[in-house]
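Chains as they are written, first to last, in the numbering used here: chain A, 31 to 216; chain B, 31 to 216.
We put the beta carbon where it would ideally sit given N, CA and C, even for glycine.
Quantities reported herein were computed from a predicted structural model and do not represent experimental measurements.
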DNA sequence: CTTGTCTATGAAACGAGTTGCATAGCAGGA
DNA sequence: TCCTGCTATGCAACTCGTTTCATAGACAAG
């Protein structure tokens, strides 16, 4: 149940409401963990019940009130426990690879458009990550500065996202070349 | 529900029992889709009920009988439909990245062992993939041969796995360097 | 004044995935 | 003989994740 832990990390970085968390999961956290608002609200409620989170009703002007959650001591302890126990390297679920192998029993050429779509989506993500890196990780706090650990760790995770997108784009180029070769060789 | 489609692809490549499928999911298919035997048996039963699969009781000597499944015409049609409809680029779930960002609120040095463990696991997988590539994709059917499409497509998926592991290993090196730097900078 | 959009929260139902347990034949070794 | 291990199949209970729907205040455009 790592959603719980992802929420704890995000709320430690900055307290916020369920709605705000949902938007963070569309942005930075979403690069390595996805969640819908339904899931988030449900888990927040459970964690509040377990005493891992504190809630504060925040009245706002011009918009509905919100509930701002922050991490309570037991929540911090739970996160620490999780950080110290080993986890299994992630198991992969890659639909596109299933489709590629399935193309052997169908028209391989039909896959080309689909692969191109994925190629564009990953190129967009890469551009987005690189823009984020320029915005948040260049300038005064340049390399060598002791700075705060959080910033360094956020940066290394972002570099992972960038490496992933670059690798995926290169592989999709390989896939496209292969599909074109199969079509030509008929 | 891509497990269904992964099973269809696997059974088209070669008919087999639930048990055999479970083992394939630990091996080659497992590189891009994981499933336990429980899941597989449940889905096989449903697909048989829907008429997408044919079953054949196969008596064996020295071991229990097995049910050999193969793809029926409606199954093949269902796979073809799925291959022609667009899918979303996968959403990521990366526990280790959550831990890395969480390390900002704990002892970053404690993560080093964990990251090293993952590094070894990915190195092992890479070695395993490379051995499979040497075994199955070198020799007579060298590049240029028309060959069968299935073989080419299996190879390009395997190359994706290899690229993924190489990228991950390089990133984990980056993560380790970052953690060591944070510990030194204290 | 209606329609649409954004913030904000939530219920209900369903489908996918995990974990633990149960059964059973056969083989090989202590 | 008993224990372990491999092949082979399956149930039950549970948790996790997705989809659909509902509500409600504020604001802007038409």
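Leaving aside the five residues before and after residue 229/B along the sequence, list all residues of the same chain whose C-beta is less than 6 Å from its C-beta, in chain order.
Given a span of 31 to 216 for chain B in the structure shown, any question on residue 229/B remains unanswerable.
Just confirm the distance between the C-beta atoms of residue 41/A and residue 101/A, as a whole number of angstroms; I'd bet it's less than 8 Å.
Taking the first residue of the first chain as 1, we reach residue 41/A at position 11. Taking the first residue of the first chain as 1, we reach residue 101/A at position 71. Yes, residue 41/A and residue 101/A are in contact; Cβ-Cβ is about 5 Å, under 8 Å.
Using a C-beta to C-beta distance shorter than 7 Å, which residues of chain B count as neighbours of residue 121/A?
As a position in the first chain, residue 121/A is number 91, starting the count at 1. The contact set of residue 121/A on chain B, defined by CB atoms closer than 7 Å, consists of 64 in chain order.
To which residues does DSSP link residue 86/B through a beta bridge?
Translated into positions along the second chain, residue 86/B becomes position 56. Looking at the DSSP output, residue 86/B shares a beta bridge with 98/B.
For residue 138/B, return the contacting residues in chain A, with the cut-off set at a CB-CB distance below 8 Å.
Translated into the one-based positions of the second chain, residue 138/B becomes position 108. What residue 138/B touches in chain A: 179, 183.
Can you grab the Cα-Cα spacing for the pair residue 117/B / residue 184/A, in whole Å?
Taking the second chain and counting its residues from 1, one reaches residue 117/B at position 87. Taking the first chain and counting its residues from 1, one reaches residue 184/A at position 154. Distance between the alpha carbons of residue 117/B and residue 184/A is about 30 Å.
Beta-ladder partner(s) of residue 46/A, from DSSP
Reading the first chain from its first residue, position 16 is the one you call residue 46/A. In the DSSP output, where bridge partners are listed per residue, residue 46/A has 99/A.
Go through its chain and collect everything with a Cβ distance to residue 65/B's Cβ below 6 Å, but skip five positions before and after it.
In the second chain, the residue the question calls residue 65/B occupies position 35. Closer than 6 Å at Cβ, skipping near neighbours: 33, 55.
Against chain A, which members of the stretch 124 to 153 of chain B pass a CB distance test of less than 9 Å?
Per Cβ criterion, the list reads 124, 125, 126, 127, 128, 129, 130, 131, 132, 133, 134, 135, 136, 137, 138, 140, 141, 143, 144, 147, 148, 151, 152.
Please classify residue 57/A: does DSSP put it in a helix, a strand, or coil?
Residue 57/A sits at position 27 when you count from the first residue of the first chain. In this structure, DSSP gives residue 57/A a state outside helix and strand, which the three-state scheme calls coil.
Under 7 Å (Cβ pairs) to chain B, residues found in the stretch 76 to 94 of chain A
Taking 7 Å as the Cβ-Cβ cut-off, the stretch 76 to 94 of chain A has no residue approaching chain B.
Out of 200/A, 49/A, 151/A, 143/A, which has the shortest C-alpha to C-alpha gap to residue 217/A?
Any question about residue 217/A goes unanswered here, given that chain A covers just 31 to 216.
Contact residues within the stretch 41 to 54 of chain A, judged by C-beta distance below 7 Å to chain B:
Against chain B - using a Cβ distance shorter than 7 Å - the residues of the stretch 41 to 54 of chain A are 42.
If you draw a straight line from the alpha carbon of residue 187/B to that of residue 45/B, how long is it in whole angstroms?
Position 157 of the second chain, counted from the first residue, corresponds to residue 187/B. Position 15 of the second chain, counted from the first residue, corresponds to residue 45/B. The straight-line gap from Cα to Cα measures roughly 21 Å.
If you follow the alpha helix (DSSP H) that residue 146/A is part of, which residue opens it and which one closes it?
On the first chain, position 116 is the one that residue 146/A refers to. Counting along the chain, the alpha helix (DSSP H) containing residue 146/A begins and ends at 141 to 166.
How far does the alpha helix (DSSP H) with residue 67/B in it reach, from first residue to last?
In the second chain, the residue the question calls residue 67/B occupies position 37. From DSSP, the alpha helix (DSSP H) with residue 67/B extends over 67 to 79.
Tell me the DSSP bridge mates of residue 218/A?
The first residue shown for chain A is 31 and the last is 216, placing residue 218/A beyond what the model contains.
C-alpha gap between residue 201/A and residue 190/B, whole angstroms:
As a first step, residue 201/A must be located in the first chain, where it is residue number 171. As a first step, residue 190/B must be located in the second chain, where it is residue number 160. Whole-angstrom Cα-Cα distance: 6 Å.
By the criterion of Cβ-Cβ separation under 8 Å, what are the contact partners of residue 117/B in chain A?
Within the second chain, the letter at position 87 stands for residue 117/B. Result: 125, 126, 129, 144.
Check this for me: beta carbons of residue 98/B and residue 115/B, under 9 Å apart or not?
Residue mapping note: residue 98/B aligns to position 68 of the second chain, counting from 1. Residue mapping note: residue 115/B aligns to position 85 of the second chain, counting from 1. It is not a contact, given that the beta carbons lie outside the stated cut-off.
Pull up the distance between the alpha-carbon of residue 174/B and that of residue 129/A, whole angstroms please.
Numbered from 1 along the second chain, position 144 holds the residue referred to as residue 174/B. Numbered from 1 along the first chain, position 99 holds the residue referred to as residue 129/A. Any answer about residue 174/B is weak, because its pLDDT of 49 lies below 50 and its placement is not dependable; what the coordinates show is given next. One C-alpha to the other measures close to 23 Å.
Helix, strand or coil for residue 183/B, going by three-state DSSP, please let me know.
As a first step, residue 183/B must be located in the second chain, where it is residue number 153. The three-state reading of DSSP puts residue 183/B in helix, counting H, G and I together.
Same chain only: Cβ atoms within 6 Å of residue 142/B, ignoring 5 sequence neighbours per side:
For the purposes of this step, residue 142/B is taken as the residue at position 112 of the second chain. The answer, listed in chain order, is 209.
Contacts around residue 198/A, its chain only, beta-carbon distance under 7 Å, and the 5 residues preceding and following it disregarded:
Mapped onto the first chain, residue 198/A falls at position 168. Once the five neighbours on either side are set aside, the close Cβ partners of residue 198/A are 152.
How about residue 82/A and residue 38/A: do their beta carbons lie closer than 9 Å?
Position 52 of the first chain, counting from 1, holds the residue named residue 82/A. Position 8 of the first chain, counting from 1, holds the residue named residue 38/A. Yes; because the gap between Cβ atoms is below 9 Å, this pair is in contact.
Taking only beta-carbon positions, decide if residue 193/B is within less than 9 Å of chain A.
Working through the second chain from its first residue, we reach residue 193/B at position 163. Yes, because at least one Cβ of chain A sits closer than 9 Å to the Cβ of residue 193/B.
Could one say the Cβ of residue 200/B lies closer than 9 Å to chain A's Cβ atoms, at least one of them?
Start at 1 with the first residue of the second chain, and residue 200/B comes out as number 170. Output row for residue 200/B: interface = yes.
Residue 176/A to residue 165/A, Cα distance in whole Å?
As a first step, residue 176/A must be located in the first chain, where it is residue number 146. As a first step, residue 165/A must be located in the first chain, where it is residue number 135. Legend: pLDDT at residue 176/A = 48, less than 50; position of this residue unreliable, no value from coordinates given.
What whole-angstrom Cβ distance do residue 95/A and residue 104/A have, given they're in contact under 8 Å?
Here residue 95/A is taken as the residue at index 65 of the first chain, counted from 1. Here residue 104/A is taken as the residue at index 74 of the first chain, counted from 1. Taking the Cβ atoms as the reference, residue 95/A lies roughly 26 Å from residue 104/A, outside the contact range of under 8 Å.
Whole-angstrom C-beta distance between residue 206/B and residue 145/B, which should lie under 8 Å
Residue 145/B sits at position 115 when you count from the first residue of the second chain. Residue 206/B sits at position 176 when you count from the first residue of the second chain. So it is a contact: roughly 6 Å between Cβ atoms.
Positions along the stretch 94 to 106 of chain A whose CB lies within less than 8 Å of some CB in chain B
Within the stretch 94 to 106 of chain A, the residues whose Cβ lies closer than 8 Å to some Cβ of chain B are 106, listed in chain order.
Under the rule that 16 or more other beta-carbon atoms within 10 Å means buried, what is residue 131/A, buried or exposed?
Counted from its first residue, the first chain places residue 131/A at position 101. Classification of residue 131/A: buried, given that the 10 Å Cβ count is 16 or more.
With 16 as the cutoff for other CB atoms within 10 Å, does residue 161/A come out buried or exposed?
In the first chain, counting from the first residue as 1, residue 161/A sits at position 131. Result: exposed.
Is there a Cβ from chain A that is less than 9 Å from the Cβ of residue 161/B?
Start at 1 with the first residue of the second chain, and residue 161/B comes out as number 131. Residue-level contact by beta carbon fails for residue 161/B and chain A, as no gap is shorter than 9 Å.
Partners in chain A for residue 61/B, counting only beta-carbon separations shorter than 9 Å:
Mapped onto the second chain, residue 61/B falls at position 31. Under the 9 Å cutoff, chain A gives 122, 124, 127.
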